[in-house]
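Data first, discussion second: the structure below is written as structure tokens.
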Amino acid sequence: MVDLSLQLLVVGLSQAAIYMLVATGFALILSVSRIFHFAHAAVFALSGFLAFLFAQQAGLPFVLAVLLSAVLSCLVAVVIYLQIYTPLQQRSGNSFIIVLASIGLQFAIENSLALIWGTGGRYLDNPMAAATFKAGNVFIALTDIVAITVAVLGTAATIAFLNMTRLGRAMRAYSENPVMARVVGIEPKLVGAVAMAIGTALLVPAAVITGWYSSLVPTMGMGPLLYAVAAVVVGGIGSVKGAALGALMLGLLSAAISFHFPAFWSDAGAFLIMMVFVIWFPAGLFGIRARSQAAR
Amino acid sequence: MNYLAIVVNLVCIYTVLATSLNLIMGYGGLFSVAHAAFFGIGAYVFALSTIQLDAPFVVALLLAFAAAALASAVISVPSLRISGDYLMLATFAIQILATSLFLNLPITGGPAGIRNIPSAQFFGFPPNSRVGTLVGFVAVTAVCWYVMFEMARSPFGRVLKAIREDELATATVGKNVMWFKISAFAAGCGFAGIAGGMYASLLSFINPDSFAIYMSFTILVMVLLGGLANPFGGLAGALALTLLQEVLRLMLPSAVGAHVSQVLLGVILVAVVMKRPQGLLPEFASQGAFATADTLTERGHADTRQLSFGRRHASSPALLPQPILQAKALAKSYGGVRAVRRFDIDVRAGEIVGLIGPNGAGKTTVFDMIAGAVIPDGGTISFDGKNVTRLAIHRRGQLGIGRLFQDARPLPNMTVLDNVLMAFDDLRREAPLLSFLPIDREREHQRLEQAHDCLRFVGLAEHASERAGSLSFGQQKLLGFARLMAQDARLWLLDEPAAGVDPTMREEIKTAIARCRRELGITVVVVEHNMDFLRDLADRVVFMADGEVQREGALAEIAADPELSRRYLGA
């Protein structure tokens, strides 16, 4: 029984690692720019396919391929931010307009990927595929350890950046009080673009790990994005730390559910919890309450 | 021919779907990404009731409507307490949960779905007749579209739009905002259920893939592309999108065509949002859809004419001695800040009382408590002998407490006339189930006349068909008075009516207040900083500072008090 729980923990953690990376970036973009960046899912898939393109189709060294993918993905995301989101935000304060634009981008990018790489699934070669440890009766793959480590380091680095650097503090200031931040000279476009770039950079390892575990398909981002949205609500809108912890919890929960019930139920628990939070505890675990009370 | 028939049928289904979401989003202002969930509920209920209960097509459609509407009502009662981004997130969770249920419930057939749904038989056409299905689908769609069209332009739809424009202002006038939202959501979701039934009947096979979040997104695209809050927007969006998909499917190999059309869908959505947010067909400002401008021109100016209608509710003749409003020991704190420490007031019917005092004295908080926007921490408020301390905001509006907000809070994207019309409280077609019926037209006509009278009374008659947002600030305040008249408010709480307007308009506003008191017998409490404005208007003034009443009496007396001047007015 203990072995089973531990094995479950390993499986759950490696899944939660991906959710954590996606959710941290999504939450960062939401808290700094107040944008529900649903196209995050498509950029996630894009970064995976770019890594595939450079590493396997072009035959570049793995590290270089991942770096190139990161640079290009961030570029795409920042262009989306500056060319589409920013003008819309300046024109109207209505966040739904931006949600709609984001959904449009999601459709466009995801289906472009399908046109280029097909929907059959592309496999990323995993250099660590064979390395597996056995502790008691529990199996741990090296990939699991790498995934969990990368997720924890990525999230921790993001939070450290927000707390310890000048630019990070400016981003937090802007997130908490945009008007005041502008008064003291913080440039909204700059902090927004940086948030977008960091959020996107966090996607790249998550996409590569997904490619190692299963395969790259154009719709691969939707699942993690759904969990990111749920995690942001549970953690509290405005809190990056909350979103990361929320993703961890929901990822583990869904692993636990899928262990005991048919696999399709695994989403139900997470989104039931999200529902309860959004209605009765909208501030979440770490949220900034006052901000989002305002209707429309 | 067969192919064309199927395309037309699909357009029918999408039209019902998009029009129903338009009712929720365009008119109700509720952003939902869960529409496909209710589409799915309808489809499953239709399929199960035709297979297991042998229900005929129309009965199964009605069951689909009922199930989807009921499910939406159950969900919306807690969800609609929240609004804005949070409501969107709640519908997001609902959509994922619904997909999960479709995949897992034993009754839905899991991922494989339900097969062999019997096809419908219409009007003596043989079963499986293409023509029969076509005629039947067009007929059902026409009925659904017409009902939604009538709902949207009925008094019910007008209140919905008002809520979309300004929830607090609409509640203050006496509308139960929650009820309207739940009704709109349930009606829209019910029609999505009907679309689901048609879909199940057409394809004779359903599975959860058709009702996933991507479908919700697609419906959103149709609504936005067609035009939010335009009665033909759903049809236009459904037509445009289906044509796009089918043309590409014919031109390109099927797998490629599907993806290309989805890419285009996304690009179109972004382009529409960026370049033409009003969609193909923009919204009409006028609620009636068929403008009232022609009836307007024949009306002359009759500014000085007496209002043509008396009070609809129990009349309260002017200057009765009994107090209409009594507040005792009101207190309210925000966090550690005691905005109002102790506030007492007695206002007699027909009085005009000025409420003055320095900024931060708690005057607006007092108004918030009397009108119901804020519930006091302590104390009681009675209106007309009735304790209203904890009454909901719209109940107070219905009792006759009216309020003009400091920023007037007009409904900017509605006509001036509709701004007034929405405040009447006795139109039968404000009830969602009656809203599409041909009833109560005589009273509606009467109210229309009265709305014009109200506008004439405040001198806005010639602006009746303009957007309220295009009026000047002063005119918006006058419009607020017309709205208070239509609401039949007996107590008018006016928050700085003269602030921010030019001196001529200030005089006009002052005259309007005095005249309303004289001719309508209303009672007024007015917060004002401008002493000249109050000088020959207010019967007496209450001086408030530091959350407490400091002095009461004639304005001249208070203004002359050296102690008050020194302490609070800095003179």
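From first to last, the protein sequence lines stand for chains A and B. Under my numbering, think of the first position of the first sequence as 1, with each following residue one higher. Under my numbering, think of the first position of the second sequence as 1001, with each following residue one higher. Heads up, the beta-carbon is just placed ideally off N, CA and C, and yes, glycines get one too.
Quick one: does residue i have its CB under 8 angstroms from some CB of chain E?
{"i": "A:S73", "result": "Of the protein chains in this structure, namely A and B, none is chain E."}
Helix, strand or coil, according to DSSP, for residue i in the structure here?
{"i": "B:R1467", "result": "strand"}
{"i": "B:R1490", "result": "coil"}
{"i": "B:D1495", "result": "strand"}
{"i": "A:I186", "result": "coil"}
{"i": "B:N1002", "result": "helix"}
{"i": "B:M1088", "result": "helix"}
{"i": "B:A1431", "result": "coil"}
{"i": "B:V1033", "result": "coil"}
{"i": "B:L1404", "result": "strand"}
{"i": "B:G1310", "result": "With a pLDDT of 48 at B:G1310, under the threshold of 50, the modelled position of that residue is not reliable, and no figure is offered here."}
{"i": "B:M1422", "result": "coil"}
{"i": "B:K1175", "result": "coil"}
{"i": "A:T165", "result": "coil"}
{"i": "B:E1528", "result": "coil"}
For residue i, decide whether its Cβ has a neighbour in chain A, counting only Cβ atoms nearer than 8 angstroms.
{"i": "B:L1281", "result": "no"}
{"i": "B:Q1406", "result": "no"}
{"i": "B:F1156", "result": "no"}
{"i": "B:R1249", "result": "no"}
{"i": "B:R1348", "result": "no"}
{"i": "B:S1079", "result": "yes"}
{"i": "B:F1065", "result": "no"}
{"i": "B:L1220", "result": "yes"}
{"i": "B:F1217", "result": "yes"}
Going along chain B in order, which residues have a C-beta closer than 8 angstroms to the C-beta of residue i?
{"i": "A:A268", "result": "L1097, S1100, L1101, N1104"}
{"i": "A:L115", "result": "V1256, H1259, V1260, V1263"}
{"i": "A:P282", "result": "I1082, Y1086"}
{"i": "A:Q57", "result": "Per Cβ cutoff of 8 angstroms: no residues; A:Q57 is ~20 angstroms from chain B at best."}
Closer than 9 angstroms by beta-carbon distance: list the chain A residues that pair up with residue i, in chain order.
{"i": "B:S1470", "result": "Within chain A, no residue comes near B:S1470; the closest Cβ sits about 18 angstroms away, beyond 9 angstroms."}
Within 8 angstroms of any Cβ in chain B, is that where the Cβ of residue i sits?
{"i": "A:F259", "result": "no"}
{"i": "A:G246", "result": "no"}
{"i": "A:V99", "result": "yes"}
{"i": "A:P87", "result": "yes"}
{"i": "A:A23", "result": "no"}
{"i": "A:V79", "result": "no"}
{"i": "A:L105", "result": "yes"}
{"i": "A:V229", "result": "yes"}
{"i": "A:L226", "result": "yes"}
{"i": "A:S112", "result": "yes"}
{"i": "A:A108", "result": "yes"}
{"i": "A:R289", "result": "Since pLDDT at A:R289 reaches only 47, below the 50 mark, its modelled position is unreliable, and the value read off the structure follows with that caveat. By this cut-off, A:R289 is not an interface position."}
{"i": "A:F286", "result": "no"}
{"i": "A:F52", "result": "no"}
In chain A, what lies closer than 8 angstroms to residue i by C-beta?
{"i": "B:P1412", "result": "Per Cβ cutoff of 8 angstroms: no residues; B:P1412 is ~13 angstroms from chain A at best."}
{"i": "B:L1224", "result": "L100"}
Give the residues of chain B in contact with residue i, contact being defined as C-beta atoms less than 7 angstroms apart.
{"i": "A:M274", "result": "A1093"}
{"i": "A:P262", "result": "N1104"}
{"i": "A:F139", "result": "Those do not exist, as A:F139 stays about 29 angstroms from chain B at its closest Cβ, beyond 7 angstroms."}
{"i": "A:S95", "result": "D1085"}
{"i": "A:V233", "result": "L1089"}
{"i": "A:F49", "result": "Within chain B, no residue comes near A:F49; the closest Cβ sits about 14 angstroms away, beyond 7 angstroms."}
Going along chain B, which residues have a C-beta under 9 angstroms from residue i?
{"i": "A:V278", "result": "S1079, I1082, Y1086, L1087, L1089, A1090, F1092, A1093"}
{"i": "A:W265", "result": "S1100, L1103, N1104"}
{"i": "A:I84", "result": "V1270, V1273, M1274"}
For this session: Taking a Cβ distance cut-off of 8 angstroms, strictly less, list which residues of the stretch 1085 to 1099 of chain B are near chain A, in chain order.
Result: If the cut-off is 8 angstroms between Cβ atoms, the stretch 1085 to 1099 of chain B has D1085, Y1086, M1088, L1089, A1090, F1092, A1093, I1094, I1096, L1097, T1099 near chain A.
For this session: Please list the segments of the beta strand (DSSP E) lying wholly inside the stretch 1312 to 1375 of chain B, counting only runs of 3 or more residues, in order along the chain.
Result: Secondary structure remark: continuous beta strand (DSSP E) runs of at least 3 residues inside the stretch 1312 to 1375 of chain B, in chain order: 1323 to 1334, 1337 to 1348, 1352 to 1356.
Problem set entry | Residues of the stretch 1025 to 1058 of chain B with Cβ closer than 9 angstroms to any Cβ of chain A, in chain order | Residues passing the 9 angstroms Cβ filter: M1025, G1029, F1031, V1033.
Problem set entry | Contact residues within the stretch 1262 to 1280 of chain B, judged by C-beta distance below 9 angstroms to chain A | Flagged, chain order: Q1262, V1263, L1264, L1265, G1266, V1267, I1268, L1269, V1270, A1271, V1272, V1273, M1274, P1277.
For this session: Just list the alpha helix (DSSP H) runs in the stretch 64 to 147 of chain A, keeping only unbroken ones of 4 residues or longer that don't cross its boundaries, in chain order.
Result: With a minimum length of 4 residues, the continuous alpha helix (DSSP H) runs that stay inside the stretch 64 to 147 of chain A are 86 to 91, 95 to 117.
Problem set entry | chain B contacts from the stretch 172 to 191 of chain A (Cβ-Cβ distance under 7 angstroms) | Listed by position along the chain: nothing, the set is empty.
Exercise. Hey, which unbroken runs of the beta strand (DSSP E) at 3 residues or more fall wholly within the stretch 247 to 271 of chain A?
Worked result: Within the stretch 247 to 271 of chain A, no complete beta strand (DSSP E) run reaches 3 residues.
Problem set entry | Residues of the stretch 116 to 136 of chain A whose Cβ lies closer than 9 angstroms to any Cβ of chain B, in chain order | Of all residues in the stretch 116 to 136 of chain A, only G118, T119 place a beta-carbon less than 9 angstroms from a beta-carbon of chain B.
Problem set entry | Residues from the stretch 14 to 43 of chain A in contact with chain B, defined by Cβ distance under 8 angstroms | The stretch 14 to 43 of chain A vs chain B, Cβ under 8 angstroms: F36.
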